[in-house]
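Note sheet for the following structure.
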Amino acid sequence: MFPEDWKKIVVNMGSIRIVLSNYSQGIKCSRKHSQLPERPALEMQSLSSALDNTTHTLKKCLQRYRIRFSFLHQSLFKQVKTCDSRLASLLETLQSMLVPKSILQIHLEDLVKEDQPLDIAATTPPASPQRYRLVRCDRFTQDKVLCIDEFIDFPHVEYTAISYVWRGNPLESTSTTDPHDRGKLTVKDAEDADPIGIDALDHACRASLSRGYNYLWLDRLCILQTSPEDKNWQIKQMHSIYQFCSLCIVLAGGVQRLVRLDEETSWIHRGWTLQEAVAPPVVSVLFFWKLGSGQGSAGDLRNSEVKEIVHQQSAMASLSLIINTCVTGSMSFSGSSNFTVEAKMFSSYPSKHSYNDIPFWRPQRKLLTPNVAALAIITDNVLDNDAKEYAIWQSALMRTSSRPVDMVFSIMGLFGITLDTSAFHKNDRIGATIALASEILKRGGRASWLGASFRLDPCKEISTFPIFPQTRVAGRALVSTINGVQEVSEFMASEYPYAEALVPFPKGSMDSDGYLTFTSKAVEIVSAQITNQQSQLTAMDGSIWETKNESSSSSKGNSESIGSKAFAVLIGWFNGYYPGATPAQDANNIRAMLIQEHSPGKFHVQTYFSLSMKLRKTVLGWEEGTFCVGGPDERQLNTNEEELHETSETVEKLRLPTSSTAWKPTVQDKAARLARWAVPQQVLERHHLAESK
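Each residue of the sequence shown is one higher than the last, beginning at 1 in UniProt numbering.
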């Protein structure tokens with residue numbers, strides 16, 4: 001009965017069972033596609049066929065054993081050998097596909113001593129282009145070994161992805177004498193980026209392991225930096241890598257070191273970090289912290305966990321908590337002791353208006369800043385999809401990248417869309433924006449970019465969008481205005497649309513020239529000749545208008561002499577953002593855009609209206625109309641942008657509000673007062689350590 005041959009077959013089948021069992025367990029735990037990737041799926045079909053043949057051959061062998069026909073011996077012997085060979089081949093193929101290959105194992109001490117850039121293409125075996133790679137966290141933390149595993153298909157294991165900026169916060173002077181500092185490493189062809197701190201990576205690995213995830217993805221280590229083929233392929237997979245990770249850890253200050261909550265970073269200003277913050281299922285921030293585990297809160301939001309990772313060195317909290325602490329400027333912490341700590345990791349804008357009172361030794365900062373509020377809205381679990389998509393467009397306007405077109409590519413995955421990146425010039429942000437907006441509308445989406453900035457001038461080529469800022473490798477997004485070069489966030493509002501109060505964003509279509517065709521409530525208006533009338537509408541550019549059916553004969557004549565029509569087109573209702581609450585003092589919640597005809601049937605956005613909530617019934621009574629809005633200028637590709645430099649502004653000192661009547665502070669006032677008395681983290685840590693001695 002060929003016992004040795006059947007023994008090999010049984011061993012191979014057992015090995016195949018283990019491989020498939022591990023793979024199946026990984027599929028159940030991971031968030032990747034419910035169906036198998038193409039290559040493993042084909043091999044599974046081959047395996048099924050091979051197992052059928054093996055079963056059939058075994059039945060024949062059992063029949064032969066009963067009947068004992070010796071003339072069948074040779075034929076069955078060949079069939080058994082074929083089954084053995086085929087199963088062995090399939091086992092090898094499945095192992096190569098489903099079991100990761102270790103391409104690098106190097107001790108950290110040797111890596112630091114060599115002081116040479118790491119090149120995973122030069123390892124034995126070398127890394128192959130168009131493969132997924134992950135760092136083993138257990139080997140890094142326990143064995144002090146950098147181990148990188150390579151997967152042919154998308155990893156079926158649970159893993160943590162790292163979000164950071166290539167050029168982050170510099171090392172502090174104390175870092176050179178830090179007993180915990182174990183050196184740094186660089187990667188070949190990525191020497192222009194900050195070196196990777198061994199300690200920072202160790203903290204990230206420990207944070208990942210604390211959640212039960214043994215693998216970690218860091219682009220610098222997991223992408224072949226020396227291979228253009230691999231880099232281009234990996235960029236296309238980037239959204240999936242973040243979307244299907246089990247956890248994303250934000251290293252806001254970069255990978256050189258962990259930063260404190262009260263240190264400003266550039267993470268929120270970079271274009272690609274928006275996708276990294278929104279695509280994953282869970283996003284946490286890892287930061288320097290000596291104050292133990294506890295609960296943190298911001299604004300009116302409920303408490304959220306602050307978990308210590310390494311004793312008196314690091315802690316991790318949800319991105320939502322840290323973002324909202326930066327919205328309000330402080331975090332209330334309760335643990336072994338209770339205190340309010342200053343928070344400016346994602347926002348440290350100096351305030352243009354500062355109260356001239358105590359604490360006079362502390363500079364006041366701007367709170368509820370639009371760039372931080374936009375990200376808070378995106379990560380809010382309560383707000384609807386319109387609010388989040390509106391905040392994505394807002395956030396993209398306030399971020400920068402080395403290439404203008406990347407500001408579109410970095411958000412397209414958030415709308416479930418993949419554009420052909422090779423079809424656009426690196427400076428063709430407008431062309432890519434039109435392509436993305438058009439595709440969103442084709443798929444039944446809404447024009448959620450309308451009114452992304454009510455105070456910026458409309459773009460001359462695609463006026464349903466505001467003018468686009470200049471992009472650059474580092475720094476903040478800037479625009480040139482009549483008052484000089486200013487940051488885009490100065491022209492944004494910390495607010496979000498609320499469709500249930502009025503109307504949702506319109507649906508429609510956009511042509512290749514950027515003209516948006518849509519239907520919305522609107523009223524025809526004319527320039528007012530007599531001001532100070534109650535029914536008049538004042539636009540954000542200061543112009544005064546009135547509805548055509550209420551205008552005087554003189555104003556009608558003026559409109560006709562101009563030869564163009566103008567409409568106030570309803571956009572929707574907008575609420576101000578505050579963590580866990582909606583500010584009740586808002587009055588001008590209704591937004592509309594003023595469009596003017598520049599050619600027959602074609603309009604452009606001139607400016608916007610901010611209308612009182614008292615006009616809700618009036619605007620709901622406007623008739624619906626269909627409009628084609630874009631232009632008015634033809635598209636031009638700007639290949640040479642002159643670098644802008646922000647205009648400095650003076651800070652105006654204000655007195656505290658005083659009045660003989662009772663003054664009722666708003667939620668913003670309360671947040672500002674709490675933030676001004678929040679304690680710097682280092683002060684709290686010194687006090688905490690002194691008490692513990």
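Just so it is clear, CB atoms sit at the ideal spot from N, CA and C, and this is done for glycine as well.
Beta-bridge pairing of residue i - partner residues as DSSP gives them
i: Lys101; result: Glu150
i: residue 759; result: Outside the shown range of the chain, which is 1 to 693, sits residue 759, and nothing can be said about it.
i: Leu216; result: Val135 and Thr160
Alpha carbon of residue i to alpha carbon of residue j, nearest angstrom
i: Ala190; j: Arg220; result: 8 Å
i: Ala568; j: Gln596; result: 9 Å
i: Gly514; j: Ala193; result: 37 Å
i: Thr666; j: Tyr578; result: 11 Å
i: His688; j: Leu291; result: 7 Å
i: Lys101; j: Ser448; result: 45 Å
i: His156; j: Phe409; result: 26 Å
i: Leu656; j: Asp669; result: Here the model assigns Leu656 a pLDDT of 48, short of 50, so the residue's position is not dependable and the matter cannot be decided.
i: Ala587; j: Glu264; result: 33 Å
i: Arg673; j: Cys326; result: 14 Å
i: Gln234; j: Lys78; result: 46 Å
i: Lys231; j: Arg131; result: 11 Å
i: Ile616; j: Lys344; result: Sequence inspection shows Arg at residue 616; the Ile mentioned does not correspond to that position. Roughly 38 Å separates the two Cα atoms.
i: Pro632; j: Ile462; result: 7 Å
i: Thr650; j: Ala477; result: Summary for Thr650: the model assigns pLDDT 47, below 50, so the residue's position carries little reliability; its value from the coordinates is reported in the next sentence. Taking the straight line joining both Cα atoms gives about 20 Å.
i: Ser535; j: Ser612; result: 12 Å
i: Glu560; j: Ala566; result: Low per-residue confidence applies at Glu560: pLDDT is 44, beneath 50, and the placement is therefore not dependable, though the value from the model is reported in the following sentence. Their Cα atoms are separated by approximately 11 Å.
i: Leu301; j: Asp110; result: 47 Å
i: Tyr242; j: Leu171; result: 28 Å
i: Phe339; j: Leu684; result: 8 Å
Enclosing alpha helix (DSSP H) for residue i [first to last residue]
i: Ser240; result: Pro228 to Gln243
i: Lys426; result: It is not in any alpha helix (DSSP H) - Lys426 carries neither H nor E in the DSSP assignment.
i: Thr265; result: Per DSSP, Thr265 belongs to no alpha helix (DSSP H) and is neither H nor E.
i: Ala317; result: Counting along the chain, Ala317 falls outside any alpha helix (DSSP H), though it belongs to the beta strand (DSSP E) covering Ser314 to Ser318.
i: Arg206; result: Ile198 to Ser210
i: Thr547; result: That residue, Thr547, is in no alpha helix (DSSP H); its beta strand (DSSP E) goes Ile544 to Thr547.
i: Met412; result: Asp406 to Met412
i: Trp272; result: Trp272 to Val278
i: Gln394; result: Asn385 to Leu397
C-beta contact flag for residue i and residue j at 7 Å
i: Cys205; j: Thr141; result: yes
i: Leu261; j: Gln681; result: yes
i: residue 700; j: Ser453; result: No statement about residue 700 is possible, as the shown extent of the chain runs from 1 to 693 and does not include it.
i: Asp593; j: Ile571; result: Residue 593 is actually Met in this sequence, not Asp. A contact, by the Cβ cut-off of 7 Å.
i: Phe424; j: Ala437; result: no
i: Pro458; j: Val605; result: yes
i: Ala122; j: Leu224; result: no
i: Ala675; j: Leu367; result: yes
i: Val187; j: Pro117; result: yes
i: Ala279; j: Ile249; result: no
i: Arg399; j: Lys426; result: no
i: Asp386; j: Ala499; result: yes
i: Ala396; j: Leu419; result: no
i: Lys548; j: Val526; result: yes
i: Thr275; j: Gly413; result: Looking at the sequence itself, residue 275 is Gln, so the reference to Thr does not match. Yes. Within cutoff.
i: Val244; j: Gly294; result: Per the sequence shown, the amino acid found at residue 244 is Phe instead of Val. Their beta carbons are not under 7 Å apart, which means Phe244 does not touch Gly294 by this criterion.
N-terminal and C-terminal residue of the beta strand (DSSP E) that residue i is part of
i: Leu368; result: No beta strand (DSSP E) contains Leu368, which DSSP labels as neither H nor E.
i: Cys248; result: Leu247 to Leu251
i: Ile309; result: Ser304 to Val310
i: Ala592; result: Ile590 to Ser599
i: Met331; result: Ser330 to Ser334
i: Tyr132; result: Tyr132 to Arg136
i: Lys521; result: Leu516 to Ser527
i: Tyr159; result: Tyr159 to Tyr164
Minimum C-alpha distance to residue i - residue among the options
i: Cys137; options: Pro155, Thr160, Pro125 and Val99; result: Thr160
i: Asp384; options: Met407, Asn324, Arg446 and Tyr242; result: Arg446
i: Ser246; options: Arg211, Thr186, Gln256 and Tyr164; result: Arg211
i: Ile152; options: Val145, Gly168 and Pro129; result: Pro129
i: Leu502; options: Arg476, Val341 and Trp573; result: Trp573
i: Arg591; options: Ala88, Leu537 and Asp380; result: Leu537
i: Asn371; options: Ala690, Ala493, Val485 and His239; result: Ala493
i: Gly271; options: Phe288, Leu375 and Gln105; result: Leu375
i: Glu439; options: Val283, Asp511 and Thr547; result: Asp511
i: His239; options: Thr273, Phe465, Tyr608 and Thr481; result: Thr273
i: residue 694; options: Thr626, Phe627 and Phe609; result: Residue 694 cannot be examined here, being either before or after the span of the chain that is shown, 1 to 693.
i: Gly329; options: Ala298, Ile430 and Leu218; result: Ala298
i: Thr379; options: Asp202, Ile323, Glu342 and Asp406; result: Ile323
i: Val259; options: Gln237, His203, Val99 and Val523; result: His203
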